[in-house]
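Residue numbers (the working numbering), protein chains in the order written: chain P, 1 to 261; chain D, 262 to 522. Built from N, CA and C at the ideal position, the CB exists for glycine as well. Values in this document were obtained by computation on a predicted structure and should not be read as measured data. Have a look at the structure below, then the notes.
2 protein chains.
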Amino acid sequence: MSNISKNHPRYRSLIAREKLVDASNNGLLAHSAMIAHGRGEAFDYLLGEETSKSAKLAIKEVAYRLNKSKNPIISVNGNTAVLAGEDLIRIAAVLECPIEINLYYRTEERISKLLQLLNEQKDKVAKEACPEGWIGDWDKSVNSVRLLGQENDGLIIGLEGPRAICSFEGIQRSKTVLVPLEDGDRCEALVALGKEVLVIDLNPLSRTARKASVTIVDEVSRAANLILNEIIIKDYEIKEWDNESTLRDALEIISKSMNKI
Amino acid sequence: MSNISKNHPRYRSLIAREKLVDASNNGLLAHSAMIAHGRGEAFDYLLGEETSKSAKLAIKEVAYRLNKSKNPIISVNGNTAVLAGEDLIRIAAVLECPIEINLYYRTEERISKLLQLLNEQKDKVAKEACPEGWIGDWDKSVNSVRLLGQENDGLIIGLEGPRAICSFEGIQRSKTVLVPLEDGDRCEALVALGKEVLVIDLNPLSRTARKASVTIVDEVSRAANLILNEIIIKDYEIKEWDNESTLRDALEIISKSMNKI
């Protein structure tokens with residue numbers, strides 16, 4: 001796909017960019033998806049392109065809540081599927097929960113292309129060795145992950161038009177939604193419906209980051225990888241979750257990175 | 262083109278986004294151009310989407326140097342042409358200097374599409390009233406602006422492949438280059454050739470921002486508008502230019518914006 005050297009200090013970021021350009025050329029993404037990715041790139045750069053200590057705490061909290069929830073759902077849009085589809089399929093396999101393709105700019109064509117991408121990713125993940133520390137029939141667990149999103153039979157109350165459409169069995173019915181890279185309006189609507197909304201967002205000032213139940217300020221693939229591990233090891237001390245504090249920590253890191261010159 | 266209300270607090274930013282999406286659909290931009298715009302959006306957001314005091318000083322300095330230069334050139338890429346083409350044509354008309362289309366990912370097709378866009382913009386600008394404070398035949402001045410970029414007869418020494426191609430009469434010959442949204446490698450190569458490199462870049466930490474002779478940390482269209490005014494009013498006190506100080510100011514603004522929560 002590319003000739004970027006693995007030794008390049010920004011290898012992961014450059015590969016992510018290439019993946020999105022390819023996906024965009026193949027019609028998997030809305031046009032503004034690339035702009036959204038650029039915004040994320042800028043924030044990740046300011047965060048030093050690594051998972052901070054407070055993001056790690058948020059990851060632990062998200063893993064705990066996903067484990068505890070009776071019917072969690074993982075909602076993915078185009079950028080999420082391209083950047084972290086495989087990671088999220090592993091999480092869904094371990095949690096035995098479905099994944100729902102849910103798009104801000106919904107078109108049936110893109111839903112169906114993303115469904116195809118996730119199915120290919122499922123086939124690939126099913127052939128891997130199971131994650132470290134997990135016990136069971138990996139191939140079977142991965143193949144059991146349901147991919148929702150085409151059915152159109154649910155509604156996110158509080159939104160209008162195609163943005164409100166969701167799957168009844170997925171987002172509508174679930175109490176706990178892991179929804180990376182979500183739009184502010186939709187995050188707010190999900191919170192207003194009393195759902196536990198777990199987000200991954202690189203911008204600690206975004207409406208999504210500020211409204212969510214738990215916000216992981218981190219790059220989606222890096223975070224998903226760590227969530228998987230935490231879900232498996234289940235090493236958790238119960239304490240009150242202070243989401244504002246995780247946002248303040250991220251802001252402080254960015255603020256400090258401004259002293260580079 | 263759009264139904265975004267003029268009263269929307271982020272109207273200009275949303276219109277800019279739409280313009281780029283349209284231009285991308287029409288093949289005027291490289292795919293990564295949208296990602297680059299997103300990065301810019303993030304920094305502009307952190308800067309409060311307004312021209313800071315220190316950016317205004319940099320704008321004065323750039324206007325002074327453009328006025329003083331014997332043969333300045335304005336180098337534009339796809340994003341710049343789409344976002345600020347008309348503003349830069351006005352500047353070129355007042356300075357009586359050419360504009361060169363110069364692309365990082367050069368293809369003859371995009372050069373020719375951007376040339377067409379700039380020609381359309383020229384026709385539009387020529388029909389406007391002349392800028393306030395300027396005296397002369399506006400229609401004639403605008404129509405005299407030469408658009409370079411197709412000729413391929415120059416070289417930016419220090420770069421390889423298509424990225425090195427430029428116009429002899431434009432970038433190669435000029436001592437002073439106004440080059441908004443430039444790539445770090447190319448900025449460095451131009452500086453190494455002894456040119457005075459005047460940039461507009463929203464990321465105060467970028468290599469371009471740090472290597473340039475004068476860096477305006479501001480959105481390209483906002484900045485170009487103000488440069489035009491400063492070129493006309495010529496209100497300038499000569500003093501030593503400290504480019505690091507303008508970058509530090511921008512970093513401080515961003516750092517302060519991190520305390521919003």
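Whole-angstrom distance between Y272/D and S266/D, CA atom to CA atom: Walking along the second sequence from the start, residue 266/D turns up at place 5. Walking along the second sequence from the start, residue 272/D turns up at place 11. For S266/D and Y272/D, the distance between alpha carbons rounds to 7 Å.
Which residues share a DSSP beta bridge with V199/P? Locating residue 199/P in the first sequence gives position 199, counting from the first residue. Answer is T215/P, bridged to V199/P.
Going by DSSP, which residues form a beta bridge with E100/P? Within the first sequence, residue 100/P is the residue found at index 100, counting from 1. According to DSSP, E100/P bridges with S75/P and L148/P.
Residues of chain D with CB closer than 8 Å to the CB of H8/P, please, in chain order. Locating residue 8/P in the first sequence gives position 8, counting from the first residue. Per Cβ cutoff of 8 Å: no residues; H8/P is ~14 Å from chain D at best.
Distance CB(I290/P)-CB(I165/P) smaller than 9 Å: Here chain P covers residues 1 to 261 and nothing more, so residue 290/P does not appear.
Comparing the C-beta of S518/D with each C-beta of chain P, is any distance below 9 Å? In the second sequence, residue 518/D corresponds to position 257, counting from 1. Closer than 9 Å to some Cβ of chain P, the Cβ of S518/D qualifies, so yes.
Tell me whether the region 358–374 of chain D and the region 289–309 of chain D touch, counting them as touching only if at least three CB pairs, one residue from each stretch, are closer than 8 Å. yes
Which term fits E457/D, buried or exposed, when burial requires 16 or more other beta carbons within 10 angstroms of its beta carbon? Reading the second sequence from its first residue, position 196 is the one you call residue 457/D. It counts as buried.
Runs of 4 residues minimum, wholly inside the region 153–185 of chain P: which ones carry the alpha helix (DSSP H) assignment? none
Quick check on DSSP: helix, strand or coil for H8/P? Your numbering for residue 8/P matches position 8 in the first sequence. Three-state result, H8/P: coil.
Under the three-state reduction of DSSP, which class applies to E41/P: helix, strand or coil? Start at 1 with the first residue of the first sequence, and residue 41/P comes out as number 41. Residue state, collapsed to three classes: helix.
Cutoff 9 Å: E278/D Cβ touching any chain P Cβ: Walking along the second sequence from the start, residue 278/D turns up at place 17. Sequence check: residue 278/D is Arg here, not Glu. At least one chain P Cβ lies under 9 Å of R278/D.
Three-state class that DSSP yields for A81/P in the structure shown: By one-based count along the first sequence, residue 81/P stands at place 81. In the structure shown, A81/P sits in a helix (DSSP, three-state: H, G or I).
Could you give the distance in angstroms between the alpha-carbon of A150/P and the alpha-carbon of N268/D? Along the first sequence, read from residue 1 onward, the residue named residue 150/P stands at position 150. Along the second sequence, read from residue 1 onward, the residue named residue 268/D stands at position 7. Reading off the sequence shown, one finds Gln at residue 150/P, where the question assumed Ala. About 36 Å.
Check the Cβ-Cβ distances between L226/P and every residue of chain D, and say whether any is below 9 Å. What you label residue 226/P is simply residue 226 of the first sequence in a count that begins at 1. Not one chain D Cβ lies under 9 Å of L226/P.
Using beta carbons (cut-off 9 Å, strictly below), is V282/D in contact with chain P? Position 21 of the second sequence, counting from 1, holds the residue named residue 282/D. Yes, V282/D counts as interfacial toward chain P.
Straight-line CA distance for F429/D to A319/D? Counted from its first residue, the second sequence places residue 429/D at position 168. Counted from its first residue, the second sequence places residue 319/D at position 58. Rounded to the nearest angstrom, the two C-alpha atoms are 28 Å apart.
Closest to S141/P by CA distance: which of S75/P, L193/P and A129/P is it? Indexing the first sequence from 1 puts residue 141/P at position 141. Closest by alpha carbon: A129/P.
Short CB-CB distance (under 9 Å) between L205/P and chain D: Counting from 1 along the first sequence, the entry for residue 205/P is found at position 205. For L205/P, the answer is yes, since a Cβ of chain D falls inside 9 Å of its Cβ.
Distance, Cα to Cα, Y366/D vs R424/D? Here residue 366/D refers to the residue found at position 105 of the second sequence. Here residue 424/D refers to the residue found at position 163 of the second sequence. One C-alpha to the other measures close to 7 Å.
Which one of A250/P, I91/P, L46/P and D22/P has the shortest CA to CA distance from N143/P? For the purposes of this step, residue 143/P is taken as the residue at position 143 of the first sequence. The option with the nearest alpha carbon to N143/P is I91/P.
At the level of alpha carbons, what is the spacing between K317/D and N490/D? As a working mapping, residue 317/D is identified with position 56 in the second sequence. As a working mapping, residue 490/D is identified with position 229 in the second sequence. Rounded to whole angstroms, K317/D to N490/D spans 11 Å at the Cα level.
Where does P333/D land, buried or exposed, given buried means 16+ other C-beta within 10 angstroms? By one-based count along the second sequence, residue 333/D stands at place 72. By the 10 Å Cβ count, P333/D comes out buried.
Name the residue from I238/P, K127/P and K70/P whose alpha carbon lies nearest to the alpha carbon of I89/P. Counted from its first residue, the first sequence places residue 89/P at position 89. When only C-alpha atoms are compared, the closest one is K127/P.
Looking only at its chain, what residues have a beta carbon closer than 6 Å to the beta carbon of V478/D, apart from the 5 residues adjacent to it on each side? Along the second sequence, read from residue 1 onward, the residue named residue 478/D stands at position 217. Same-chain partners within the cutoff: A316, P465 and A511.
Applying the 10 Å Cβ sphere with the 16-neighbour rule, what's the burial state of I253/P? Along the first sequence, read from residue 1 onward, the residue named residue 253/P stands at position 253. So I253/P counts as buried.
To the nearest angstrom, report how far apart N264/D and K385/D are at their CA atoms. Here residue 264/D corresponds to residue number 3 of the second sequence, with the count starting at 1. Here residue 385/D corresponds to residue number 124 of the second sequence, with the count starting at 1. For N264/D and K385/D, the distance between alpha carbons rounds to 23 Å.
Burial state of Q382/D (16 or more Cβ within 10 Å): Numbered from its first residue, the second sequence carries residue 382/D at position 121. Buried, because 16 or more other Cβ atoms sit within 10 Å of the Cβ of Q382/D.
Only counting the same chain, and skipping five residues up and downstream in sequence, which positions put a Cβ closer than 7 Å to that of R483/D? As a working note, residue 483/D is residue 222 in the second sequence. Result list for R483/D: T312, in chain order.
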